[in-house]
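Engineer: Here's a structure for you.
Numbering (the working numbering), first residue to last: -18 to 203.
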């Protein structure tokens, strides 16, 4: 009788041990799978640097209109080098800074894939070809030739002490057209006249009555 009880007890312990081991293996696999999924997100090299900050004053905008297709690694390095240099100058001069990437592809994903070859941007505008909002704002205007690629440095004063925020007129400080101009500018160490914030007109604060009307209209639209 005792022998049978010992045998049953031993089998029960073996089953419990096997279940414990199996459970541990499954848990380990789940943890490994979860880490594999989040690793790209956690990797510092993959994190996007967001330059835009919500503050008053003059903001410097780095606007890049991508070519119709990828040109070369040297051109991509010229663009990323320019973006980093403008960031450093904005920080030195106490200016806000933001980056915008534009691609005139019909398909959104094609535009995203193309811009990804030039690094990350705070904001991107892709799709709709030359009906693209970024194209209408920066490229397809009477003051700008309809050619790509283009690199534009613009400045704008922003007042955030009121609601809604007040945005001053955007002033284009530099416009480079074509790969040769952009690469030549990079090779020359990005020469550019120093930006004096006083040169950028400060936007006037809207009267409260106007702001109230806008707020009321917003509530109706919602």
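Every residue, glycine too, gets a C-beta built ideally from N, C-alpha and C.
Identify whether residue 167 lies in helix, strand or coil by the three-state DSSP scheme.
Structural biologist: Helix at residue 167.
Engineer: Thinking residue 96 and residue 102 are a contact (beta carbons under 8 Å), I'd like their distance in whole angstroms, please.
Structural biologist: Yes, they are in contact, since the Cβ atoms of residue 96 and residue 102 sit about 7 Å apart, within 8 Å.
Engineer: Tell me which residues share the same chain as residue 111 and place their Cβ nearer than 7 Å to its Cβ, disregarding the 5 neighbours each side in the sequence.
Structural biologist: Only 85, 121 meet the Cβ criterion.
Engineer: Go ahead and pull the three-state DSSP assignment for residue 110.
Structural biologist: Here residue 110 sits in helix by DSSP.
Engineer: Work out the CA separation of residue 63 and residue 171 for me, nearest whole Å.
Structural biologist: Taking the straight line joining both Cα atoms gives about 7 Å.
Engineer: Specify whether the segment 141 to 161 and the segment 76 to 84 touch according to this definition: at least 3 beta carbon pairs, one from each stretch, less than 8 Å apart.
Structural biologist: As far as the Cβ criterion goes, the segment 141 to 161 does not touch the segment 76 to 84, which means the pair count is below three.
Engineer: Taking C-beta to C-beta, are residue 173 and residue 35 nearer than 9 Å?
Structural biologist: No, the pair does not count as a contact, with Cβ atoms beyond the cut-off.
Engineer: Name the DSSP beta bridge partners of residue 156, please?
Structural biologist: Answer by DSSP bridge pairing, in chain order: 133.
Engineer: For residue 129 versus residue 47, is the C-beta distance shorter than 9 Å?
Structural biologist: Against a cut-off of 9 Å, the Cβ pair of residue 47 and residue 129 comes out as a contact.
Engineer: Please report the residue range of the beta strand (DSSP E) in which residue 84 lies.
Structural biologist: 77 to 84 is the span of the beta strand (DSSP E), which, as asked, contains residue 84.
Engineer: What residue range does the alpha helix (DSSP H) around residue 41 cover?
Structural biologist: It is not in any alpha helix (DSSP H) - residue 41 instead sits in the beta strand (DSSP E) that spans 38 to 46.
Engineer: Quick one: what does DSSP say residue 65 is sitting in, helix, strand or coil?
Structural biologist: If DSSP states are grouped into helix, strand and coil, residue 65 belongs with the helices.
Engineer: Can you tell which of 90, 45, 72, 119 has the C-alpha that lies nearest to the C-alpha of residue 60?
Structural biologist: Nearest of 90, 45, 72, 119 to residue 60, Cα basis: 45.
Engineer: Excluding the 5 residues preceding and the 5 following residue 49 in the sequence, name in chain order all residues of the same chain whose CB lies nearer than 7 Å to its CB.
Structural biologist: Taken in chain order, the residues that qualify are 129.
Engineer: Looking only at its chain, what residues have a beta carbon closer than 6 Å to the beta carbon of residue 99, apart from the 5 residues adjacent to it on each side?
Structural biologist: 57, 60, listed in sequence order.
Engineer: Can you grab the Cα-Cα spacing for the pair residue 51 / residue 42, in whole Å?
Structural biologist: About 23 Å.
Engineer: Would you kindly work out how many angstroms separate the C-alpha atoms of residue 13 and residue 89, rounded to a whole number?
Structural biologist: In this prediction, residue 13 has a pLDDT of 48, which is less than 50 and means its spatial position is unreliable; what the coordinates show is noted afterwards. Going from the Cα of residue 13 to the Cα of residue 89 covers about 33 Å.
Engineer: For the ligand FMN, is there any heavy atom lying closer than 8 Å to the beta carbon of residue 73?
Structural biologist: Of the ligands one can find in the structure shown there are none, so the ligand FMN has no counterpart to examine.
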